[in-house]
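To keep things clear, I will list the structure first and then write my remarks on it.
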Amino acid sequence: MWVVTAIVEAISILLIISGVAFFVSGTVGLLRFPDVFARLHALTKCDNLGLGLVALGLALRAPSGWLGVKILAVWALVLMASATAAHLIARKARSSRPGVGIGIRE
Amino acid sequence: MDTILVVAVFVVLISVLAGLIQVWRGPTPADRMLSALLFGTGGVAILLLLAEVAAQPAFVDVALVLAILALIVSVAFVRNDRLETESET
């Protein structure tokens, strides 16, 4: 029984560390990409996956089962909210000026 | 185990603050809105990690409210500019 708890703790720490690594890579992509749409892509993909891994690692460590379900529900909400926001921002960036931001390094 | 979580909180905080550089640098307003999106998602991650470190389950509810507020802010950003450009289309 003690071995199972240690394995679950090791898996959760590994998930949290990889989730934080995705956060850092998303920020690096936000700063280094030349284009608005490339930055949007890097931000949403890496932040959704980073938050998902962190939430999964934390749901494994949660003291009660319902708290783990609530943490995963927060991740699902952020997933849908971030996808909607990314689509709206991309549509606005596309329609503000027709030729702006396509692969131009400003 | 808690020290790893505290280090993770600081790493996410530093990466969210590094996203502020995009607010200063971004040529279009959509770039600045991307940093606000990063603030929202990073804040949710920091709150979820703090809920484990401080053993306070109430932080998960605060993270829920922050996620909803981030969505409302981005809808308000898009809608505000739509009202200004409606005379052109």
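Protein chains in written order, with my numbering: chain A, 599 to 704; chain B, -9 to 79. Even for Gly, the Cβ is constructed at its ideal location relative to N, Cα and C. Values in this document were obtained by computation on a predicted structure and should not be read as measured data.
Nonlocal neighbours in the same chain, by C-beta distance under 6 Å from A:Leu656, ignoring five residues either side: Here the set comprises Ile669.
C-beta neighbour in chain A for B:Asp89, strict 8 Å: Lying before the first or after the last residue shown, residue 89 of chain B is absent from chain B, which here runs from -9 to 79.
Classify B:Asn70 as buried or exposed, calling it buried when 16 or more other Cβ atoms lie within 10 Å of its own Cβ. With fewer than 16 Cβ atoms within 10 Å of its Cβ, B:Asn70 is classed as exposed.
Return the CA-CA distance between A:Ala683 and A:Ala640, expressed in angstroms with no decimal places. Roughly 14 Å separates the two Cα atoms.
If you follow the alpha helix (DSSP H) that B:Thr18 is part of, which residue opens it and which one closes it? Judged by DSSP secondary structure, B:Thr18 falls outside any alpha helix (DSSP H); it is assigned neither H nor E.
Can you look up A:Ser680 in the DSSP assignment and give me helix, strand or coil? Helix at A:Ser680.
Please state whether the Cβ-Cβ distance between A:Leu658 and A:Ser610 is less than 8 Å. Taking 8 Å as the Cβ cut-off, A:Leu658 and A:Ser610 qualify as a contacting pair.
Listed in chain order, which residues of the region 4 to 27 of chain B have Cβ atoms closer than 7 Å to some Cβ of chain A? Going along the region 4 to 27 of chain B in chain order, one finds Ser5, Ala8, Gly9, Ile11, Gln12, Pro17, Thr18, Ala20, Asp21, Met23, Leu24, Leu27 with a Cβ nearer than 7 Å to chain A.
How many Å lie between B:Ile36 and B:Phe49 at the Cα? Within the model, the alpha-carbon separation for B:Ile36 versus B:Phe49 is close to 10 Å.
Apart from the five residues just before and just after B:Thr79, which ones in its own chain have a Cβ nearer than 8 Å to its Cβ? Because B:Thr79 carries a pLDDT of 46, less than 50, the predicted location of this residue cannot be relied on, and the following value inherits that uncertainty. Excluding sequence neighbours, B:Thr79 sits near nothing in its chain.
Closest to B:Leu63 by C-alpha separation, out of B:Val1, B:Ala41, B:Leu10, B:Thr31, would be which residue? What sits at residue 63 of chain B in the sequence shown is Val, not Leu. Residue nearest to B:Val63 within the set B:Val1, B:Ala41, B:Leu10, B:Thr31 is B:Thr31 (criterion: CA-CA distance).
Cα separation between B:Thr16 and A:Ser623? For the record, residue 16 of chain B in the displayed sequence is Gly; it is not Thr. The alpha-carbon separation between B:Gly16 and A:Ser623 amounts to approximately 19 Å.
Between the region 616 to 631 of chain A and chain B, which residues of the former have CB atoms less than 7 Å from a CB of the latter, in chain order? Those would be Val618, Phe621, Val622, Thr625, Leu628, Leu629, in chain order.
Tell me the rounded alpha-carbon separation between B:Leu(-5) and A:Ser693. If you draw a straight line from the Cα of B:Leu(-5) to the Cα of A:Ser693, it is about 42 Å long.
Is the CB of B:Val50 under 8 Å away from at least one CB in chain A? Cβ-Cβ to chain A under 8 Å: yes for B:Val50.
Give a yes or no on whether the C-beta atoms belonging to B:Leu24 and A:Arg689 are separated by under 8 Å. No. Outside cutoff.
CB contact check: A:Glu704 to chain B, cutoff 8 Å: Confidence in A:Glu704 is poor, its pLDDT being 47 and thus under 50, which makes the residue's placement too unreliable to answer from.
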